[in-house]
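Residue numbers (numbering that gives the first Met the number 0), protein chains in the order written: chain R, 0 to 248; chain U, 0 to 308.
First comes the structure, then the notes that go with it.
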Amino acid sequence: MKILVPVKRVIDYNVKVRVKADQTGVELANVKMAMNPFDEIAVEQAIRLKEAGTATEIVAVSIGPDQSQETIRTALAMGADRGIHVPASHDTEPLAVAKILKALVEKEAPGLVILGKQAIDDDSNQTGQMLSALLGWPQATFASGVEIAGDALNVIREVDGGLEHISSKLPAVITVDLRLNEPRYASLPNIMKAKKKPLDQVSLDDLGVDASQRLTVVKVEEPPAREAGITVASVSELVDKLKNEAKVI
Amino acid sequence: MSILVLAEHDNNELNPATLNAVAAAAQIGGDIHILVAGSGCGGVADAAAKVAGVSKVLSADSAEYANGIAENMIPLIMSVIDGYSHLLAPATTYGKNILPGVAALKDVAQISDIIRVDDADTFQRPIYAGNALATVKSGEALKVITVRTTSFEAVAAEGGSAAVEAVSATGDAGKTTFGKSELSSSDRPELTSAKIVISGGRGMQDGSNFAMLEKVADKLGAAVGASRAAVDAGFVPNDYQVGQTGKVVAPDLYVAVGISGAIQHLAGMKDSKVIVAINKDEEAPIFQVADYGLVDDLFSAVPQLEGEL
Ligand SMILES: Cc1cc2nc3c(=O)[nH]c(=O)nc-3n(C[C@H](O)[C@H](O)[C@H](O)COP(=O)(O)OP(=O)(O)OC[C@H]3O[C@@H](n4cnc5c(N)ncnc54)[C@H](O)[C@@H]3O)c2cc1C
Ligand SMILES: Cc1cc2nc3c(=O)[nH]c(=O)nc-3n(C[C@H](O)[C@H](O)[C@H](O)COP(=O)(O)OP(=O)(O)OC[C@H]3O[C@@H](n4cnc5c(N)ncnc54)[C@H](O)[C@@H]3O)c2cc1C
Numbered sequence: 000m001k002i003l004v005p006v007k008r009v010i011d012y013n014v015k016v017r018v019k020a021d022q023t024g025v026e027l028a029n030v031k032m033a034m035n036p037f038d039e040i041a042v043e044q045a046i047r048l049k050e051a052g053t054a055t056e057i058v059a060v061s062i063g064p065d066q067s068q069e070t071i072r073t074a075l076a077m078g079a080d081r082g083i084h085v086p087a088s089h090d091t092e093p094l095a096v097a098k099i100l101k102a103l104v105e106k107e108a109p110g111l112v113i114l115g116k117q118a119i120d121d122d123s124n125q126t127g128q129m130l131s132a133l134l135g136w137p138q139a140t141f142a143s144g145v146e147i148a149g150d151a152l153n154v155i156r157e158v159d160g161g162l163e164h165i166s167s168k169l170p171a172v173i174t175v176d177l178r179l180n181e182p183r184y185a186s187l188p189n190i191m192k193a194k195k196k197p198l199d200q201v202s203l204d205d206l207g208v209d210a211s212q213r214l215t216v217v218k219v220e221e222p223p224a225r226e227a228g229i230t231v232a233s234v235s236e237l238v239d240k241l242k243n244e245a246k247v248i
Numbered sequence: 000m001s002i003l004v005l006a007e008h009d010n011n012e013l014n015p016a017t018l019n020a021v022a023a024a025a026q027i028g029g030d031i032h033i034l035v036a037g038s039g040c041g042g043v044a045d046a047a048a049k050v051a052g053v054s055k056v057l058s059a060d061s062a063e064y065a066n067g068i069a070e071n072m073i074p075l076i077m078s079v080i081d082g083y084s085h086l087l088a089p090a091t092t093y094g095k096n097i098l099p100g101v102a103a104l105k106d107v108a109q110i111s112d113i114i115r116v117d118d119a120d121t122f123q124r125p126i127y128a129g130n131a132l133a134t135v136k137s138g139e140a141l142k143v144i145t146v147r148t149t150s151f152e153a154v155a156a157e158g159g160s161a162a163v164e165a166v167s168a169t170g171d172a173g174k175t176t177f178g179k180s181e182l183s184s185s186d187r188p189e190l191t192s193a194k195i196v197i198s199g200g201r202g203m204q205d206g207s208n209f210a211m212l213e214k215v216a217d218k219l220g221a222a223v224g225a226s227r228a229a230v231d232a233g234f235v236p237n238d239y240q241v242g243q244t245g246k247v248v249a250p251d252l253y254v255a256v257g258i259s260g261a262i263q264h265l266a267g268m269k270d271s272k273v274i275v276a277i278n279k280d281e282e283a284p285i286f287q288v289a290d291y292g293l294v295d296d297l298f299s300a301v302p303q304l305e306g307e308l
C-alpha cells in the first residue's frame, strides 16, 4: 500500500509572528520556516506503517512556493520515499489544497492519506475533512491511535469530551493529533540520502485544478495587548487582590 | 437570508456551545434554523425549539446520526442546505469534523473559528495562534463557518417557540462505524464554559499532584485544565488541554500553575478576564500576560491558596 502524506511549510512554532505594518498579512521575510508539526507526526505514522510492513511506499506532497521543496526533503530525510511538489502561492486555501490532493490521489492511487489535523499558521483544520468528502472516502480525524489490519482501519480520536473509537475500511483519510506518536529526527546520513530521493514537480495545470482564492483578506491586525500586571508577594496578597480588586472570587 | 446552525448534542441534551453559535447567527441576522440530527433526540429538538431567536428546528432522528459520524451527517446537511445563506456550527471537535466536508461538496470556502461578525459576509478570525487577527470577506453563495464559542455570549436557552419539522434520514453511508467513547466524567464545570479555570503544567511533576488543583477548583467552582506538556506526560487526559491545538477558554479567572506560557498555551487562554500565574521562575513568559503573578514554588503556594479560600 502506498501512503500519501501532505506536508505544509509554515512559520516555525517557536517564532512569535509579527503583523506587517500595512496590515496585509504577517511578516514572512527572514522568518524561520519549518514543517507543520502535525505533519511531522503524519510522516512518522506513515514510516511506522512502512516499518510494520503495512505500507510499501510513502509519498510526501507539498503545495506552495519553491521553498516547500525543503519541507519535502525533511520528510524524505525522515523516511518518506519520494516527493511531489505542486508550485502554488503560499496561501492556497484548504479547499484548493484538498482539490489538488484529490487529483494526486487519482494519479497515485494510495490506500491512505495521512494529514495533520491543522496547520499551525492558519489553524483552519479543514483540509483532511474536505479531501475525504471530495473523494467519498472515510475520514478519521484527530487521531491519537491508528491500527490497520488488512483493509480494516481502527482509529482512536481525541474529541472535546475525551476519546472516541471508530472503525472504517481503507482507502481512507486520517488527520493526526499531537499524541499519536513522537516524530523522529532525521539523522545526518539520512539527510544526505534524502537529497538523492526523487522529487517531482506537478503543476496546477497538469492536475487541472483551479486554486484561485475564494476569500479576501480585508485586514490582518495585532490582537489587543493585555495591560501589564503586577507581582504579588504572597498567597495572602493574591487572595486579597482577587477578592477585593479583581472581584473574581 | 436564512442561517442553518448545526446543533451539537449527545442525544439527550443540547450542548451549550450551540447557543454560542446561535449568538453568532443572530449577529449575522436573518431567519435562524437549527438542525438536530441524532438518534432518539426528540428531547434535544424540543430544547432547540425553545432557544431564543430560533424560528425553525429541523429534526433528523435516525440511528445513523447517533454518534455524529461525519460521513453520515454530511449527506443529511447537503439534503437540507439549499436556500440557506449560512451554515454555522460551534468550533468544537464536533463542528470541525463535519463542516469542512459540506463546504467541499458545495464547492465553497470554509471560514474557521470566527471571533467577530462584521457583516453577513465579513468575519474576524485568529491566525498564527492568535498572534494576528484576520478580517476575511467571503463572496461565496453559502458561507460555511465555525464559531469560537468563547467570543460570542450564549443566547438564552429559553424564550423561543420554534416549530419542529422532521426531515427524512439519508441513510448510513456505510463508511465508518462507531465503536465506543471514553469520556472523562467530572462534577466540575465544563472547561470551555467555566467561570474559573485552574490549569497545571509540567511543573506539577505528576498526575497525582493535580489533586492539589482539584481541591482549589472545588472551593472555587472551577474547572481544571492543563498544558500540552502535562497531557503529553500523562498527568491528565487529552480533553484537559488548553491552547492553540486544544481548547480555547476565556473565563473570568484563569490560574496557570507550573505553566511556562508558550505561545501555543497562551493562544488558548489569553482572552481570560483575569489571569493569575504561579511559577517559581520569575522569567517565565506566562508572567507577561498575567494580571497577578506569584513567584513561588507551587508545592507550597497551592496548598496555601486552598487554605485561604
Ligand atoms: C491572513 C489570512 C487569512 C486567511 N483566512 C482564511 C480563511 O478564513 N479561510 C480559508 O479557507 N483560508 C484562509 N486563508 C488562506 C490560508 O492561507 C489557507 O487557510 C491555508 O494556506 C491552508 O489552510 P491550513 O494550512 O490552515 O489548513 P489545515 O486544514 O489546517 O491543514 C491541515 C493539513 O492539510 C495539509 N496541508 C494544508 N496545506 C497544505 C499545503 N500547502 N501543502 C501540503 N499539505 C497541506 C497538511 O497535512 C496540514 O497539516 C487565509 C490566508 C491569510 C494570509
Ligand atoms: C504543534 C504544537 C501544538 C501545541 N499546542 C499546544 C496547546 O494547545 N497547548 C499547550 O499548552 N501547549 C501546546 N504546545 C506545547 C507548547 O509549545 C509548550 O511546550 C507547552 O505549553 C509547555 O507546557 P508547560 O508550560 O506545562 O511546560 P514547561 O514549558 O516545561 O513549563 C513548566 C513551568 O513550570 C515551572 N515550574 C516547575 N516546577 C515548579 C514548581 N515547583 N513551582 C512552580 N513552578 C514550577 C517552570 O518554571 C516552568 O515555567 C504545542 C506545541 C506544538 C509544537
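All C-beta atoms, glycine included, are put in the ideal place defined by N, C-alpha and C.
All of these numbers come straight from a predicted model, not from anything done at the bench.
Any contact of the region 269-287 of chain U with the region 243-257 of chain U, i.e. 3+ C-beta pairs under 8 Å?
Segments in contact, yes.
Give the straight-line distance between the Cα atoms of residue 70 (chain R) and residue 7 (chain R), rounded to the nearest whole angstrom.
Rounded to whole angstroms, residue 70 (chain R) to residue 7 (chain R) spans 7 Å at the Cα level.
Report the neighbours of residue 262 (chain U) on chain R: residues whose CB is nearer than 7 Å to its CB, in chain order.
What residue 262 (chain U) touches in chain R: 15.
Under 8 Å, Cβ to Cβ, is there at least one residue of chain U near residue 222 (chain R)?
It does: the Cβ of residue 222 (chain R) has a partner Cβ on chain U nearer than 8 Å.
For residue 176 (chain U), write down the residues that DSSP places opposite it in a beta bridge.
Bridge partners of residue 176 (chain U): R:166.
Can you pull out the residues from the region 64-80 of chain U whose beta carbon lies closer than 7 Å to at least one beta carbon of chain R?
Result list: 69, 70 and 73.
So residue 12 (chain R) is in the beta strand (DSSP E); what residue range does that whole segment cover?
No beta strand (DSSP E) contains residue 12 (chain R), which DSSP labels as neither H nor E.
Just to confirm, does residue 12 (chain R) get its C-beta within under 7 Å of one of the non-hydrogen atoms of ligand 2?
Yes - ligand 2 has a heavy atom lying nearer than 7 Å to the Cβ of residue 12 (chain R).
Sort out for me which residues DSSP pairs residue 198 (chain U) with in a bridge.
Looking at the DSSP assignment, residue 198 (chain U) forms a beta bridge with U:224 and U:255.
Exposed or buried, residue 72 (chain U), counting other C-beta atoms within 10 Å across all chains shown (16 or more means buried)?
Buried is the call here.
Who does residue 162 (chain U) pair with in a DSSP beta bridge?
Answer is U:55, bridged to residue 162 (chain U).
When the distance is taken between beta carbons, is residue 94 (chain R) closer than 8 Å to residue 108 (chain U)?
Taking 8 Å as the Cβ cut-off, residue 108 (chain U) and residue 94 (chain R) qualify as a contacting pair.
Determine the direct distance from the alpha carbon of residue 187 (chain U) to that of residue 122 (chain R), and round the result to whole angstroms.
So the alpha carbons of these two residues sit roughly 29 Å apart.
State yes or no: is the C-beta of residue 115 (chain R) within less than 8 Å of the C-beta of residue 175 (chain R)?
Yes.
Please decide whether residue 121 (chain R) counts as near chain U, where near means a Cβ-Cβ distance under 8 Å.
Output row for residue 121 (chain R): interface = yes.
Run the proximity test for residue 296 (chain U): is its beta-carbon closer than 7 Å to any non-hydrogen atom belonging to ligand 2?
Yes.
Need the endpoints of the alpha helix (DSSP H) that residue 17 (chain U) sits in, please.
16-27 is the extent of the alpha helix (DSSP H) around residue 17 (chain U).
For the alpha helix (DSSP H) containing residue 304 (chain U), list its first residue and its last residue.
Taken as a continuous stretch (DSSP letters only), the alpha helix (DSSP H) holding residue 304 (chain U) covers 297-307.
Cα separation between residue 78 (chain U) and residue 61 (chain U)?
Near 15 Å, if we compare the C-alpha coordinates of residue 61 (chain U) and residue 78 (chain U).
When the Cα atoms are used, what is the spatial distance from residue 114 (chain U) to residue 129 (chain U)?
Taking the straight line joining both Cα atoms gives about 11 Å.
Under 7 Å: does the beta carbon of residue 221 (chain U) sit that close to some heavy atom of ligand 2?
No, the Cβ of residue 221 (chain U) stays beyond 7 Å of every heavy atom of ligand 2.
Which residues, in order along the region 148-178 of chain R, keep a beta-carbon less than 7 Å from a beta-carbon of chain U?
Per Cβ criterion, the list reads 157, 158, 159, 160, 161, 162, 163, 164, 165, 166, 167, 177 and 178.
Using a Cβ-Cβ cut-off of 6 Å (strictly less than) and excluding sequence neighbours within five positions of residue 34 (chain R), which residues of its own chain qualify?
6, 70 and 73, listed in sequence order.
Relative to ligand 2, is the shortest distance from any of its heavy atoms to the C-beta of residue 129 (chain U) smaller than 7 Å?
No.
Look at the alpha carbon of residue 55 (chain U) and the alpha carbon of residue 38 (chain R), and state the distance between them as a whole number of angstroms.
Their backbone Cα atoms lie some 41 Å apart in a straight line.
Quick one: which unbroken beta strand (DSSP E) runs of 3-plus residues sit fully inside the region 23-75 of chain R? Chain order, please.
Entirely contained in the region 23-75 of chain R, the beta strand (DSSP E) runs reaching 3 residues are, in chain order, 32-34 and 56-63.
By the three-class DSSP mapping on this structure, what secondary structure does residue 1 (chain R) have?
In the structure shown, residue 1 (chain R) sits in a strand (DSSP, three-state: E or B).
Taking the CB atoms as reference points, tell me whether residue 96 (chain U) and residue 68 (chain R) lie closer together than 8 Å.
Going by C-beta atoms, residue 96 (chain U) is not nearer than 8 Å to residue 68 (chain R).
With respect to 7 Å, is the separation between the Cβ of residue 260 (chain R) and the closest non-hydrogen atom of ligand 2 below this value?
Coverage of chain R is limited to positions 0 through 248, which leaves residue 260 (chain R) absent and any answer about it impossible.
Check the C-beta distance from residue 5 (chain U) over to residue 82 (chain U) and give it rounded, since I have them as a contact under 8 Å.
The pair is not a contact, with the Cβ atoms about 16 Å apart (cut-off 8 Å).
Using a threshold of 8 Å, state whether the C-beta atoms of residue 113 (chain R) and residue 2 (chain R) are closer than that.
Yes, the pair counts as a contact, with Cβ atoms nearer than the cut-off.
Does the structure place the region 15-31 of chain R close enough to the region 73-85 of chain R that three or more beta carbon pairs sit under 8 Å?
Because the criterion of three Cβ pairs below 8 Å is not met, the region 73-85 of chain R and the region 15-31 of chain R do not touch.
Assuming residue 193 (chain U) and residue 221 (chain U) are in contact, meaning their beta carbons sit under 8 Å apart, how far apart are those beta carbons, in whole angstroms?
About 6 Å separates the two Cβ atoms, so the contact holds.
At a threshold of 7 Å, does residue 278 (chain U) count as lining ligand 4 (C-beta to nearest heavy atom)?
The model depicted lacks ligand 4 and carries ligand 1 and ligand 2 instead.
By Cβ distance, which residues of its chain are closer than 6 Å to residue 46 (chain R), with the 5 residues on each side in sequence left out?
Closer than 6 Å at the Cβ level, and outside the excluded window around residue 46 (chain R), lie 78.
On the criterion of 16 or more Cβ atoms from any shown chain inside 10 Å, does residue 195 (chain R) qualify as buried, or is it exposed?
Answer is exposed; the Cβ neighbour count stays below 16.
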